[in-house]
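K.L.:
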Amino acid sequence: MHQAHGVDERDFLLQALKGYLEELRDTGVDEVEYGDPAAQNAPTGPSVSVQPQPGPAVTVAAPPQTGNPAAPVTTATTPPGAAAGAESAAAPTTEPAAGSEAGPLEAAAEFCSVMGNPQARLLVVTTGDGFEGAAGELLANIVKAMGFDRDQAYLITFSAASPGELGSLRTELLRRIAAVAPEAVVAFGEPAAQVVLGTRDPIAKLRGRFHNLGGIPLMPTLHAEALVADVSLKRQVWNEMQQVMKRLADGTR
Numbered sequence: 045m046h047q048a049h050g051v052d053e054r055d056f057l058l059q060a061l062k063g064y065l066e067e068l069r070d071t072g073v074d075e076v077e078y079g080d081p082a083a084q085n086a087p088t089g090p091s092v093s094v095q096p097q098p099g100p101a102v103t104v105a106a107p108p109q110t111g112n113p114a115a116p117v118t119t120a121t122t123p124p125g126a127a128a129g130a131e132s133a134a135a136p137t138t139e140p141a142a143g144s145e146a147g148p149l150e151a152a153a154e155f156c157s158v159m160g161n162p163q164a165r166l167l168v169v170t171t172g173d174g175f176e177g178a179a180g181e182l183l184a185n186i187v188k189a190m191g192f193d194r195d196q197a198y199l200i201t202f203s204a205a206s207p208g209e210l211g212s213l214r215t216e217l218l219r220r221i222a223a224v225a226p227e228a229v230v231a232f233g234e235p236a237a238q239v240v241l242g243t244r245d246p247i248a249k250l251r252g253r254f255h256n257l258g259g260i261p262l263m264p265t266l267h268a269e270a271l272v273a274d275v276s277l278k279r280q281v282w283n284e285m286q287q288v289m290k291r292l293a294d295g296t297r
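In the working numbering, each residue's number is its place in the sequence shown (first place is 1) plus 44.
1) What residue range does the alpha helix (DSSP H) around S212 cover?
2) Could you round the C-beta distance between Y198 and P226 to whole angstroms and report it? I think they count as a contact, below 8 Å.
3) Do the segment 284-296 and the segment 252-270 meet, that is, are 3 or more Cβ pairs less than 8 Å apart?
4) Tell me the rounded alpha-carbon separation between D15 and P207.
5) Does the segment 241-252 come close enough to the segment 177-188 that 3 or more CB-CB pairs lie under 8 Å?
6) Excluding the 5 residues flanking D173 on each side, which residues of the same chain have their C-beta closer than 6 Å to its C-beta?
7) Does the Cβ of V275 have 16 or more other Cβ atoms within 10 Å, making it buried, or fewer, making it exposed?
8) Is it buried or exposed, P246, if we count other Cβ atoms within 10 angstroms and call 16 or more buried?
9) Pick helix, strand or coil for N256, following the three-state DSSP scheme.
10) Do A228 and L166 have their C-beta atoms closer together than 7 Å?
11) Just grab the DSSP bridge partners of V168 for me.
12) I'd like the list of long-range same chain contacts for V272, defined as Cβ closer than 7 Å, with 5 residues on each side in sequence excluded.
13) Looking only at DSSP bridge pairs, what is P261 linked to?
14) May I ask you to report which of helix, strand or coil DSSP gives M285?
15) Given this structure, state the Cα-to-Cα distance separating A248 from Q163, to the nearest angstrom.
16) Label E269 either buried or exposed according to how many other C-beta atoms from any shown protein chain fall within 10 Å of its C-beta, with 16 as the threshold for buried.
17) Taking only the alpha-carbon atoms, compute the straight-line gap between G295 and N161 and give it to the nearest angstrom.
18) By Cβ distance below 7 Å, which residues in the same chain neighbour E214 in space, the five residues on each side in sequence not counted?
19) Starting from the Cα of R253, find the closest Cα among V288, G233, L58 and R219 and give me that residue.
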């Protein structure tokens with residue numbers, strides 16, 4: 045313990061306090077408030093929260109919403125011109141892009157329709173509405189008489205094409221035939237036979253015999269519409285279909 049002029053520090057402080065109180069008494073002060081008067085008389089200000097020490101996390105469930113949630117408030121403003129540009133960029137494009145016109149093969153694919161089994165042994169190619177209408181019903185009956193339901197054979201139909209589109213159309217037809225890889229193909233009608241074989245020979249010259257289509261035998265014959273118009277032609281067509289049936293039965297190409 046430090047000493048002040050040979051007097052104990054505690055005694056020194058008590059004597060100093062006693063002297064201070066005597067001076068206050070002499071000046072007329074008869075009451076002394078305990079503590080800091082300024083702190084006691086100061087107006088009460090806003091409470092200051094003391095940051096607690098980290099403790100275990102407590103999950104508080106949010107109260108259920110009783111109405112539609114408020115939309116977020118956007119504080120940033122976008123110039124009208126920029127907003128219009130953003131909307132046009134985000135909107136789906138319905139017009140074809142420049143330079144994206146369909147090529148010849150894509151256009152040729154639009155002429156073709158297919159139905160049936162893509163792994164069929166028998167593939168039929170013709171023009172018109174397929175199995176629809178009187179000619180289509182007769183075509184379905186011919187295919188069924190050969191031993192195939194309409195969903196067992198594979199049918200490719202195409203619409204008329206301009207002379208400039210025939211090359212692309214033939215490429216598309218050959219691509220589809222190669223994808224199926226049937227054991228035999230029958231082309232009903234002159235347009236189908238000419239396009240697939242890439243010739244201008246009339247159907248009368250092409251029909252009645254097999255043509256080699258990349259290793260696949262193809263039999264050209266009359267269109268079903270011709271048989272509807274002249275029923276006497278059915279026997280000739282049936283004779284040709286019997287040749288196809290024999291080829292399928294033999295399993296030879």
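Cβ coordinates follow ideal geometry from the N, Cα and C atoms, glycine included.
Computed from a prediction, not measured in an experiment: that's the story for all the values here.
P.N.:
In terms of the structure at hand:
1) L210 to V224
2) 7 Å
3) yes
4) The structure shown does not extend to residue 15, since the chain spans only 45 to 297, so no value can be given for it.
5) no
6) G180
7) exposed
8) exposed
9) strand
10) yes
11) L199 and V230
12) A178, A179 and L182
13) N256
14) helix
15) 30 Å
16) buried
17) 19 Å
18) A small correction: the amino acid at residue 214 is Arg; Glu does not occupy that position in the sequence shown. Taken in chain order, the residues that qualify are V239, V240 and G242.
19) V288
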